[in-house]
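Asks: Chains as they are written, first to last, in full-length UniProt numbering: chain A, 1 to 430; chain B, 1 to 321; chain C, 1 to 295.
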């Protein structure tokens, strides 16, 4: 009896201490009509010099045209954006305008932290982006919690001189199948040089995105964000191919599988790897640090049995539910989404705009840079993937998928073990 | 001279060692009543912030470990008894991280102890270039752990790091990705941990060494005891309290360390360096499970406290016997 | 006799056999010392070298050990890009303010703990030990909430408060060791001469405590300057970031790593405390030594 009472007091105390004040976050702010100019903070994650400059330019020109809605640009980092947002939302200090990516934000949306910006976006912006991509930023109850901006795809860069030296023809056309990639890599491997270097230190995103090319969807998601997993042949096709190239053919340097993309880059530029696979944004780094006389190109989109399809996991712009001025913030996002602005950003990062109008602008402006054409081409075949909607995806990715894939790529577990780890891991998170 | 005699001399020496005079201080305790009130007044400015911003949050943190607090707008927090702990029992990843934490803490503490003892013994000799080693031994302390981690990431980089460069130069395979490979990540991180913690341990041991009586060494040397014997029978017993203190502190600090490994590997590859603090941090600030993370903290405290209790008790006992 | 040996030093009265052993052990000792110097010093040297290399040199597959065209570009780029000046300013502000506050409030408390043996002493000792044992994860969440209520999240004063509270126990412990080292007779002699207590403390005790105060404040300064975890959680505004935070973020996302700039930034962030350290190194070693022995 007495113990119960004590427990009761304890519970009360805790509820009082925590519930009342703290864990409610900042409370939902209602939209209000401000008197005088408002200032909004925009936390941008742009990091390459060129994109940082482009972002600043866009903000400056907005501020000049809109004295009543001033935007204050602050710099965040892709590295810890998730942790930082958790803390910011919790502390009520989140920026008004939030830059992130779609697979990361739906969890926040489900927790109630993101505003519905659907009503504030203009028709031009809405129609420029395909429904497939809008799907990746829409909650199950139909709220649009972000505007999708730029897309990343995985592409193969090629050292054309190495191809010529090995007498291998540089692939052209609409697509490059994984089998052809494997065959070429084999021919390009000789004397301590490898056909492929692939910085797969963080393998999950690459595997999830490319699995779609074989019809690998991993998850079946219901409306509340809960999901069931199924890992089969289509899901594992890409990992199996990578493993075969690294350990059966020895045409992919296994050390690179433990490194980051930029760690592998010197090897590509130094001729150790004839091909270099990674996000298309790496093109910016190649142009910056390639030695004189280094000839390179981008190969056609990688294709599986379902064609050159990859998952669209666009960067996003959202408005915090705690923002006092969601309408004004959404207005800025609408401006940010304009074709010219997106084209500017896309070229800074070598990423693909979600907006078709912006893609046209990029195509026009980069007519003299031939490697842009295949990069833009990969953007035609992007579609939404279920994993973005699964609430526990970030945790599963950290705790099970990444370790499992890393172990498989280190050749320390079998494909069956991997499949079991991925499945059991998801079930244990629940 | 027999060992008994040496030991007798040690204890005699200990009693003779100059200590802060005790008698006068006793005298001042005469006015303890007034002193008590005065003491409270003097301590108050320190006490208030400590109670408000560390005792209070700490108590709340412990209580939080018995709730289901989660991230989310307008979440209601309820008390859920031992649910977190039941769930934690079945959480293989947490226990795995706990195991890694123990390997890390003991690995770093033990290696660091031997490395620091060796260095302290050298620094205690009259030897050239002692100043250089002494200055360098302090350097890691002047560097923030974040910078130590950045520096060692450069050192251990598989492509342009000098460690692999050196291995290649002497004809060994030099393409190991030290921090990225499953089998080398934890050992590599432990080496960095040893480097980072050298100053505190070395200085403390050096201070202890400087208090070991030189006369005793001379006497033993004249009696024909060799360096090893002297180290074993004179230095080590005299150093014992210092050793116990510093290894205990090192162990706690290492078990609770965060910044170094957060920047070095962030727990990767595949969770191989996921120290308990990192694990709990992720649980709280990545997945938003605040109550569950606090429960992990509680478990860590209990385990450390239990370990300390047994370690210190066994040391006290063996000192008495 | 004993004194004679002590004053003669250890080297002069060796037996012939001991001299022989010494001829073997001395080189071994130097080899060991060299190994320590390399282990402790090489990483720093490498950092220095990297900071002076161009990006092309760093990306080259067969890098030369020494920079071919040493220049300061990395330093300028790092200062501009990583916001180092602002971050250093924040770090300095937090560390200095913390040090001042900790010193001011721990001095009287340390005096009380050393001179009056009340139950406070036991409680303080217990807390000092406890504060080392608890993992920060237990404290940070509630602390975050407390600070949020009083509006000190994302605020340098909040950080000062946290650092003050968490470096206080250790500072207190060190300082009370130094106070115990000041003979109480001095105080008593002073008060017998008719000087007021305050004056005795100010003119007799305080000067004797100076080395101890230096060691304690250095310790506080360095732990606040280096601290990462609390800053990571409590500071979100980039303009308020401290140096460790800025640098950890500078490591950056995939594809971003610019090693030369990273090395330059790290070096710049270390130089102030290294210089500080070098200046008072001798004092520090003796201060720490006596503190450790008495504590």
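Even for Gly, the Cβ is constructed at its ideal location relative to N, Cα and C.
None of these values were measured; they are calculated from a predicted model.
Less than 9 Å between the C-beta atoms of residue 222(C) and residue 40(B), yes or no?
Replies: Position 222 of the third chain holds residue 222(C). Position 40 of the second chain holds residue 40(B). No. Outside cutoff.
Asks: Is residue 100(A) helix, strand or coil when you go by DSSP?
Replies: Counted from its first residue, the first chain places residue 100(A) at position 100. Three-state result, residue 100(A): strand.
Asks: Report yes or no: is there a C-beta of chain B within less than 9 Å of the C-beta of residue 300(C)?
Replies: Residue 300(C) is absent from the structure shown; chain C starts at 1 and stops at 295.
Asks: Looking at the structure shown, is residue 270(C) part of a helix, part of a strand, or coil, going by DSSP?
Replies: Residue numbering aside, residue 270(C) sits at position 270 when the third chain is read from its first letter. DSSP, reduced to helix, strand and coil, places residue 270(C) within a helical segment of the structure shown.
Asks: Answer with yes or no whether the minimum CB distance from residue 277(B) to chain C is below 9 Å.
Replies: Along the second chain, read from residue 1 onward, the residue named residue 277(B) stands at position 277. Chain C, which has a Cβ nearer than 9 Å to the Cβ of residue 277(B), makes this yes.
Asks: What residue does the alpha helix (DSSP H) around residue 254(B) start on, and which one ends it?
Replies: As a first step, residue 254(B) must be located in the second chain, where it is residue number 254. It spans 236 to 255 - the alpha helix (DSSP H) in which residue 254(B) sits, taken as one unbroken run.
Asks: Going residue by residue through the stretch 113 to 165 of chain A, where are the continuous alpha helix (DSSP H) segments of at least 4 residues, counting only ones entirely within it?
Replies: Within the stretch 113 to 165 of chain A, the runs of alpha helix (DSSP H) at least 4 residues long that lie entirely inside it are, in chain order, 123 to 128 and 131 to 135.
Asks: Compare the C-beta of residue 259(A) with all C-beta atoms of chain B and state if any pair is closer than 9 Å.
Replies: What you label residue 259(A) is simply residue 259 of the first chain in a count that begins at 1. So yes, residue 259(A) belongs to the interface.
Asks: At 4 residues or longer, what runs of the alpha helix (DSSP H) sit wholly inside the stretch 28 to 84 of chain C?
Replies: 55 to 59 and 73 to 81
Asks: Quick check: what's the CA-CA separation for residue 303(B) versus residue 259(A)?
Replies: Taking the first residue of the second chain as 1, we reach residue 303(B) at position 303. Taking the first residue of the first chain as 1, we reach residue 259(A) at position 259. Whole-angstrom Cα-Cα distance: 36 Å.
Asks: Cβ closer than 7 Å: which chain A residues qualify as neighbours of residue 85(B)?
Replies: For the purposes of this step, residue 85(B) is taken as residue 85 along the second chain, with counting starting at 1. In chain order: nothing, as chain A lies at least about 15 Å away.
Asks: Against residue 181(B), what residues of chain E qualify as contacts under a CB-to-CB distance less than 8 Å, listed in chain order?
Replies: No chain E is present in this structure, whose protein chains are A, B and C.
Asks: With a 10 Å radius around its C-beta and 16 neighbouring C-beta atoms as the bar for buried, classify residue 202(C) as buried or exposed.
Replies: Start at 1 with the first residue of the third chain, and residue 202(C) comes out as number 202. Burial call: exposed.
Asks: Helix, strand or coil: how does DSSP classify residue 396(A) here?
Replies: Locating residue 396(A) in the first chain gives position 396, where the first residue counts as 1. Three-state result, residue 396(A): helix.
Asks: Might you give, ordered along the chain, the residues of its own chain that have their beta carbon closer than 7 Å to the beta carbon of residue 267(C), omitting 5 neighbours on each side?
Replies: Numbered from 1 along the third chain, position 267 holds the residue referred to as residue 267(C). Around residue 267(C): 47, 48 and 51.
Asks: Candidates 230(A), 110(A) and 90(A): which alpha carbon is nearest residue 146(C)'s?
Replies: Position 146 of the third chain, counted from the start, is the residue given in the question as residue 146(C). Nearest option by C-alpha distance: 90(A).
Asks: So, helix, strand or coil for residue 172(A), using DSSP?
Replies: On the first chain, position 172 is the one that residue 172(A) refers to. Here residue 172(A) sits in coil by DSSP.
Asks: Residue 171(C): which of 131(B), 50(B), 134(B) and 208(B) sits nearest, CA to CA?
Replies: Within the third chain, numbered from 1, the residue matching residue 171(C) stands at position 171. Minimum Cα distance to residue 171(C) is reached at 50(B).
Asks: Flag residue 228(A) as yes if its beta-carbon sits less than 9 Å from any beta-carbon of chain B, otherwise no.
Replies: As a first step, residue 228(A) is located in the first chain; it is residue number 228 there, counting from the start. Output row for residue 228(A): interface = no.
Asks: Does DSSP put residue 74(A) in a helix, in a strand, or in coil?
Replies: Numbered from its first residue, the first chain carries residue 74(A) at position 74. Residue 74(A): strand per DSSP, three-state reduction.
Asks: Work out the CA separation of residue 169(B) and residue 238(C) for me, nearest whole Å.
Replies: By one-based count along the third chain, residue 238(C) stands at place 238. By one-based count along the second chain, residue 169(B) stands at place 169. Computed Cα separation, rounded: 43 Å.
Asks: Within this structure, are the beta carbons of residue 213(A) and residue 306(A) separated by less than 9 Å?
Replies: Within the first chain, the letter at position 213 stands for residue 213(A). Within the first chain, the letter at position 306 stands for residue 306(A). The answer is yes: Cβ separation under 9 Å.
Asks: I want to know whether the stretch 229 to 238 of chain C touches the stretch 133 to 140 of chain C - three or more CB-CB distances under 8 Å.
Replies: yes
Asks: Please classify residue 232(B): is it buried, with 16 or more other beta-carbons within 10 angstroms of its beta-carbon, or exposed?
Replies: Residue numbering aside, residue 232(B) sits at position 232 when the second chain is read from its first letter. It counts as exposed.
Asks: So, with DSSP's three-state summary, where would you put residue 353(A)?
Replies: Within the first chain, the letter at position 353 stands for residue 353(A). If DSSP states are grouped into helix, strand and coil, residue 353(A) belongs with the strands.
Asks: Near residue 337(A), which residues of its chain fall below 6 Å by C-beta distance, leaving aside the five closest residues on each side in sequence?
Replies: Within the first chain, numbered from 1, the residue matching residue 337(A) stands at position 337. Correct list, in chain order: 125 and 147.
Asks: Excluding sequence positions up to five away, which residues of its chain have a Cβ less than 6 Å from the Cβ of residue 82(B)?
Replies: The residue you call residue 82(B) lines up with position 82 of the second chain. Once the five neighbours on either side are set aside, residue 82(B) has no close Cβ partner at all.
Asks: By Cβ distance, which residues of its chain are closer than 6 Å to residue 97(C), with the 5 residues on each side in sequence left out?
Replies: As a position in the third chain, residue 97(C) is number 97, starting the count at 1. Short of 6 Å from the beta carbon of residue 97(C), and not among the five residues preceding or following it, lie these beta carbons of its own chain, in chain order: 160.
Asks: Using alpha carbons as the reference points, say which of 71(C), 275(C), 248(C) and 259(C) lies closest to residue 266(B).
Replies: Counting from one through the second chain, the residue named residue 266(B) turns up at place 266. It is 248(C) whose Cα lies nearest to the Cα of residue 266(B).
Asks: From the DSSP output, read off the bridge partner residues of residue 315(A).
Replies: Within the first chain, the letter at position 315 stands for residue 315(A). DSSP lists 101(A) as partners of residue 315(A).
Asks: What residue from 57(B), 279(B), 252(B) and 138(B) has the CA that sits closest to residue 206(B)'s CA?
Replies: Residue mapping note: residue 206(B) aligns to position 206 of the second chain, counting from 1. Among 57(B), 279(B), 252(B) and 138(B), the Cα nearest to that of residue 206(B) belongs to 138(B).
Asks: Going by DSSP, what residue range makes up the beta strand (DSSP E) through residue 53(A)?
Replies: For the purposes of this step, residue 53(A) is taken as the residue at position 53 of the first chain. No beta strand (DSSP E) holds residue 53(A); the alpha helix (DSSP H) holding it covers 49 to 65.
Asks: Which of the three DSSP states is assigned to residue 295(A) in this structure?
Replies: As a first step, residue 295(A) must be located in the first chain, where it is residue number 295. Residue state, collapsed to three classes: coil.
Asks: Grouping DSSP H, G and I as helix and E and B as strand, with all else coil, what is residue 323(A)?
Replies: What you label residue 323(A) is simply residue 323 of the first chain in a count that begins at 1. It is coil, neither helix nor strand.
Asks: Quick one: what's got a C-beta closer than 7 Å to residue 421(A)'s C-beta in the same chain, skipping five residues either side?
Replies: If you number the first chain from 1, residue 421(A) lands on position 421. 400 and 404.
Asks: Report the rounded CA-to-CA distance for residue 413(A) versus residue 127(A), giving the unit in angstroms.
Replies: Numbered from its first residue, the first chain carries residue 413(A) at position 413. Numbered from its first residue, the first chain carries residue 127(A) at position 127. When rounded, the distance between both Cα atoms is 46 Å.
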